[in-house]
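Numbering-wise (this note's numbering), the sequence shown opens with residue 108 and increments by one.
We put the beta carbon where it would ideally sit given N, CA and C, even for glycine.
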Amino acid sequence: MKIHSTAIINPGANLGEGVEVGPYSIIGSEVKIGKNTVIGPHVVIEGATEIGEGCNIYQFCSIGAPPQDLKFGGEKTYVVIGNFNIIREFVTINRATGSGVTFIGDHNMIMAYAHVAHNCKIGHYVVMANAATLAGYVNVEDYAMIGGLSGIHQFTNIGAHCIIGGASAVVQDVPPYTMAAGNHAKLFGLNLIGLKRRNFPEETIKALKKAYQIIFRSQLLLEESLQKAQDELGNIPEVEHFVRFIRESKRGTCR
108 MKIHSTAIIN
118 PGANLGEGVE
128 VGPYSIIGSE
138 VKIGKNTVIG
148 PHVVIEGATE
158 IGEGCNIYQF
168 CSIGAPPQDL
178 KFGGEKTYVV
188 IGNFNIIREF
198 VTINRATGSG
208 VTFIGDHNMI
218 MAYAHVAHNC
228 KIGHYVVMAN
238 AATLAGYVNV
248 EDYAMIGGLS
258 GIHQFTNIGA
268 HCIIGGASAV
278 VQDVPPYTMA
288 AGNHAKLFGL
298 NLIGLKRRNF
308 PEETIKALKK
318 AYQIIFRSQL
328 LLEESLQKAQ
338 DELGNIPEVE
348 HFVRFIRESK
358 RGTCR
């Protein structure tokens, strides 16, 4: 381990092999940090927080602070962060409220000034650009990209492989594989560039295009369009996910 002399590490903290902690950072008693994670200067990590291996956390981040929720009564809640995440300057990640966990998976990039509120769940390979903000209980699926200065309403679901344009206000669920932008955010078709960059088969992309047309551009009622897409294209796993996500949405989806 490489701990700067000005860092304050509570004796109860559990730091793995090869962890580095920069000047003036503070690590609380219930914190667990996996091997080879680098904590920059002036970082505060507190509460029941677990951080995995190989993460890089930059200066002035706050991780594991109590939730910004008036209902919070001091109960023990958690932050769990996986492996190989990049968390840039001034990011804030709050622990859960009520019960449960604020969870962040592996290989995510959370850029400067972004905020992850209580009880959020972020999957793997997600990008949150500068000052993107998640309210409480937001669920972000794998490979989603959230543009800078965007705000996501509480209890909203962000689908896999979607992209949200900068400065968007997202108040309804964003289906997987789509593009959304605006205030309030609207859909602008499939995230075709993202799908091609991630080597989705052409057959899958064609099926998603057809499903999008059936669901969002036909004259059918929503449930009728979902059933038609499922009947015609449900053998494609990505279409099945697309249909299920929209069908199970509680807030409704961007249109």
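- Looking at the DSSP output, I170 shares a beta bridge with I152 and I200.
- Using a Cβ distance threshold of 9 angstroms, G189 and G147 do not count as a contacting pair.
- Burial of E153 is indicated by the presence of at least 16 other C-beta atoms within 10 angstroms of its C-beta.
- Taking C-beta atoms as the reference points, A203 and T184 count as a pair closer than 9 angstroms.
- By the CB criterion at 9 angstroms, E248 and G230 fall inside the cutoff.
- For the region 271-331, the full-length beta strand (DSSP E) segments reaching 3 residues or more read 285-289 and 292-297 along the chain.
- Burial state of S132 is buried, judged by a 10 Å Cβ sphere holding 16 or more other Cβ atoms.
- For the pair I140 and N290, the Cα-to-Cα distance works out to about 39 angstroms.
- In this structure E127 touches V145 by the C-beta definition: roughly 5 angstroms separates them, less than 8 angstroms.
- One Cα belongs to E137, the other to P118, and the distance between them is close to 9 angstroms.
- Of the candidates G181, S257, L297 and G266, G266 places its Cα closest to the Cα of N246.
- In terms of Cα proximity to L299, the closest of E310, T285, A292 and E339 is T285.
- Per DSSP, the unbroken alpha helix (DSSP H) holding I353 starts and ends at P344 to R354.
- Listed in chain order, the non-local C-beta contacts of I312 below 8 angstroms within the same chain comprise L297, L299, L302 and K303, local neighbours out to five positions each way being set aside.
- Distance check between L315 and each of R362, I343 and T360 places I343 closest, using alpha-carbon atoms only.
- Judged by beta-carbon spacing, I253 lies beyond the 9 angstroms limit of A242, meaning their Cβ atoms are not closer than that value.
- In this structure, DSSP gives K183 a state outside helix and strand, which the three-state scheme calls coil.
- Under the three-state reduction of DSSP output, E160 falls in the coil class, being neither helix nor strand.
- Only residues of its own chain outside the window of five on either side were considered, and among them V350 have a CB closer than 6 angstroms to the CB of Q337, listed in chain order.
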